[in-house]
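Please read the structure below before turning to the comments.
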Amino acid sequence: MNSMERVVMALQHKEPDRVPVYPIISGASRRLIGADYKEWSTDAEVCSRALLKAREEFDLDCIVTLIDLSVECTAWGQELIYPENEAAHPDYNNSVIKDIDEYSKIKKVDYRTCERMTMHIETCEKLVKEANGEFPIIAFVFGPLGTLSMLRNQQEMYMDLYDDPDAVKEAAKEISETLKEYCRGLMATGISGIMFDTLFSSGTIMSKQMWSEMEGELVKELAQTVRDEGGLVMIHNCGERIYFDAQIKYMDPCAISFLYPPDDCRDFAECKEKYGDKVTLIGCVTPATAVIGTDEEWEEECRNNMKDMMPGGGFMLATGCEYPANAPFDKARKMVELAKTVGKYKER
Amino acid sequence: MSIIEEISELLQNGKAKKVKELVRQALEEGYDPKVILNEGLLSGMMIVGGKFKNNEVFVPEVLVSARAMNAGLTILEPKLVEVSNEPIGKAVIGTVKGDLHDIGKNLVVMMLKGAGFETYDIGVDVEADTFIAKAEEVGADIICMSALLATTMAGMQECINKLQESNLRDKYIVMIGGAPVNENFAKQIGADYYTPDAVTAAEVAKSAVQGR
Numbered sequence: 024m025n026s027m028e029r030v031v032m033a034l035q036h037k038e039p040d041r042v043p044v045y046p047i048i049s050g051a052s053r054r055l056i057g058a059d060y061k062e063w064s065t066d067a068e069v070c071s072r073a074l075l076k077a078r079e080e081f082d083l084d085c086i087v088t089l090i091d092l093s094v095e096c097t098a099w100g101q102e103l104i105y106p107e108n109e110a111a112h113p114d115y116n117n118s119v120i121k122d123i124d125e126y127s128k129i130k131k132v133d134y135r136t137c138e139r140m141t142m143h144i145e146t147c148e149k150l151v152k153e154a155n156g157e158f159p160i161i162a163f164v165f166g167p168l169g170t171l172s173m174l175r176n177q178q179e180m181y182m183d184l185y186d187d188p189d190a191v192k193e194a195a196k197e198i199s200e201t202l203k204e205y206c207r208g209l210m211a212t213g214i215s216g217i218m219f220d221t222l223f224s225s226g227t228i229m230s231k232q233m234w235s236e237m238e239g240e241l242v243k244e245l246a247q248t249v250r251d252e253g254g255l256v257m258i259h260n261c262g263e264r265i266y267f268d269a270q271i272k273y274m275d276p277c278a279i280s281f282l283y284p285p286d287d288c289r290d291f292a293e294c295k296e297k298y299g300d301k302v303t304l305i306g307c308v309t310p311a312t313a314v315i316g317t318d319e320e321w322e323e324e325c326r327n328n329m330k331d332m333m334p335g336g337g338f339m340l341a342t343g344c345e346y347p348a349n350a351p352f353d354k355a356r357k358m359v360e361l362a363k364t365v366g367k368y369k370e371r
Numbered sequence: 003m004s005i006i007e008e009i010s011e012l013l014q015n016g017k018a019k020k021v022k023e024l025v026r027q028a029l030e031e032g033y034d035p036k037v038i039l040n041e042g043l044l045s046g047m048m049i050v051g052g053k054f055k056n057n058e059v060f061v062p063e064v065l066v067s068a069r070a071m072n073a074g075l076t077i078l079e080p081k082l083v084e085v086s087n088e089p090i091g092k093a094v095i096g097t098v099k100g101d102l103h104d105i106g107k108n109l110v111v112m113m114l115k116g117a118g119f120e121t122y123d124i125g126v127d128v129e130a131d132t133f134i135a136k137a138e139e140v141g142a143d144i145i146c147m148s149a150l151l152a153t154t155m156a157g158m159q160e161c162i163n164k165l166q167e168s169n170l171r172d173k174y175i176v177m178i179g180g181a182p183v184n185e186n187f188a189k190q191i192g193a194d195y196y197t198p199d200a201v202t203a204a205e206v207a208k209s210a211v212q213g214r
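If you read the sequences in order, they're chains H and W. Each position in the first sequence, counted from 1, maps to that position plus 23 in the numbering used here. Each position in the second sequence, counted from 1, maps to that position plus 2 in the numbering used here.
What follows is the structure, encoded as structure tokens:
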């Protein structure tokens, strides 16, 4: 069984030969080819080569193109800072939206004029070509509210949501219209689907009602756009107490990549019981354990995740968020090894 | 409803302008600044903090309440200085070197203020030496360090190491927080406390300084 077959079976809630595995190696992959962070995140050739190297080196079952959360916001002119060994981030001293009255300047743009979006599309093209149908390529896209927060800064945007929700919503809608075209561009490369980061649909950030009002309908349309292009819709949300029910209601994803149990579940076992037949669960090993945890703690988390969520299929073992960009690779390797041994279905 | 209760309620609803107006009015009516602070602003903020901890309100609501508290404090602080209101302790707080995340840290600042601390927020991307220099400068009781990235939390260890090297470790209560850190990490690096949220951070800080 190759990776594509394995992942497809997991998405169909069937038991493949073993649990598919993907320790979300993104920025860390640059080290495998000796690239620097900026080069990796701005050059499609370098980025795709690094991601493919990681896939080959660790025998990963898919590639998710999580480059950083600042890809989309550059389409509206947001200036970025590229730290030497970290993911790029907006220059918070120079946000595009400096005042609550400036949301109205955010209008739909042509994604083809955005260097980082076109670089992402080019990366996907190269990956799809090399994958040759043997493993899925999933593009990673930050949702409209998330993209907007990169143009404003999160703290200010949270207060703006209170002070002038209509202004925020209108700007998010313009972004969403841009993202629809961007998603069509990504889907045209032949990728299997798109994973949307719905950061704000989390009990540690905003109420379910506020998220539904602010982003629910927008991500619903985005998800439908992807489905209309024949793609799979997935969600990534590494917040605590995320709203599985609301996200499923609006987006009807085939899979959710997550780090903590959702707001209405005590633990991962209950999450499996409650949502295991609705979505494929991807996760949920703590990335920080790769840095501060012992080998035993890492292994225990991997084993516990599989024990709770692999029965009956519909599960992929992964980190709940990106594998730390500067962490040693031994724990990623261990995760794959555990998926191949402990995660075997036929011997259970 | 008394004007003090009204201040508390308006703060809980995030009404910064009205809080400012009522604090000014309360002072004009002769209310003790300490009463306005403790029973109006801090009491309101503690109620919001409690609701936040119980998942009844969320980050946007806490932020607008904190903004309302700050608005009230701008009017009140000169009067508090006149009556020499003693803080329960002094805390220096920042996000460690290489990390620009500040919402969690800002919430802790608000809760510490709400608990009666004199709080020195030294911002984000803070060098270990800067935490120590500021703590020494202001005579702090507590150093609070925040990190959201697994790659930056080593900055907490660096600060504690430097405190030890300078024979200053026992002088300060060291608290850490942020998504990637936990109790084990706190023990591993020799921090005194790890707290999982802003409200708990303020409760632990208060109890720690009172227990000294």
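The C-beta atom is built at its ideal place from N, Cα and C for all residues, glycine as well. Note that the structure is a prediction, hence the values are computed from the model and not measured.
- With a threshold of 7 Å between beta carbons, H:Val308 makes no contact with chain W.
- Of all residues in the stretch 328 to 343 of chain H, none comes within less than 7 Å of chain W when Cβ atoms are compared.
- Using beta-carbon distances, H:Leu184 counts as an interface residue toward chain W, with a partner under 7 Å.
- Counting along the chain, no alpha helix (DSSP H) covers H:Cys137, and no H or E run does either.
- DSSP, reduced to helix, strand and coil, places H:Cys96 within a helical segment of the structure shown.
- What H:Ile228 touches in chain W, judged by beta-carbon distance under 7 Å, is Phe60 and Val61, going in chain order.
- Short of 8 Å from the beta carbon of W:Thr76, and not among the five residues preceding or following it, lie these beta carbons of its own chain, in chain order: Lys22.
- Sequence-ordered contacts of the stretch 169 to 181 of chain H with chain W read Gln177, Gln178 and Tyr181 [C-beta pairs closer than 8 Å].
- Interface annotation, W:Val201: not in contact with chain H, CB-CB separation never under 7 Å.
- For H:Lys297, the secondary structure class from DSSP, reduced to helix, strand or coil, is helix.
- As DSSP reads the structure, H:Ile160 sits in a beta bridge with H:Ile86.
- Selection H:Tyr185, H:Val132, H:Asp124 and H:His112 evaluated against W:Leu102 yields H:His112 as nearest (Cα-Cα).
- Excluding five sequence positions before and after H:Tyr115, the CB atoms of its chain that fall closer than 6 Å to its own CB belong to Asn176, given in chain order.
- For H:Ser225, there is no enclosing alpha helix (DSSP H), as DSSP marks it with neither H nor E.
- Per the DSSP secondary-structure output, W:Asp123 pairs in a beta bridge with W:Ile95.
- For the pair W:Ala181 and W:Cys146, the CB atoms are not nearer than the 7 Å cut-off.
- Beta-bridge analysis with DSSP links H:Val308 to H:Thr342.
- Contact annotation: H:Ser71 and H:Leu168 have beta-carbon atoms that are not nearer than 7 Å.
- For the pair H:Ser26 and H:Gly337, the Cα-to-Cα distance works out to about 15 Å.
- Taking C-beta separations shorter than 8 Å and ignoring five residues to either side along the sequence, the partners of H:Arg135 in its chain run Thr141 and Gly208, following chain order.
- Relative to the Cα of H:Gln270, the nearest Cα in the group H:Thr65, H:Ser224 and H:Ile56 belongs to H:Ser224.
- Selection H:Thr65, H:Asn108, H:Gln101 and H:Glu107 evaluated against H:Ile90 yields H:Thr65 as nearest (Cα-Cα).
- Distance from the CA of W:Gln190 to the CA of H:Gly262, rounded to the nearest whole angstrom, comes to 25 Å.
- By the Cβ test, the stretch 192 to 209 of chain H is not in contact with the stretch 24 to 40 of chain W, since fewer than three Cβ pairs between them sit closer than 8 Å.
- With 16 or more other Cβ atoms from the protein chains shown falling within 10 Å of its own Cβ, H:Gln101 counts as buried.
- Against chain H, the CB of W:Ala142 has no partner CB under 7 Å away; the residue lies outside that interface.
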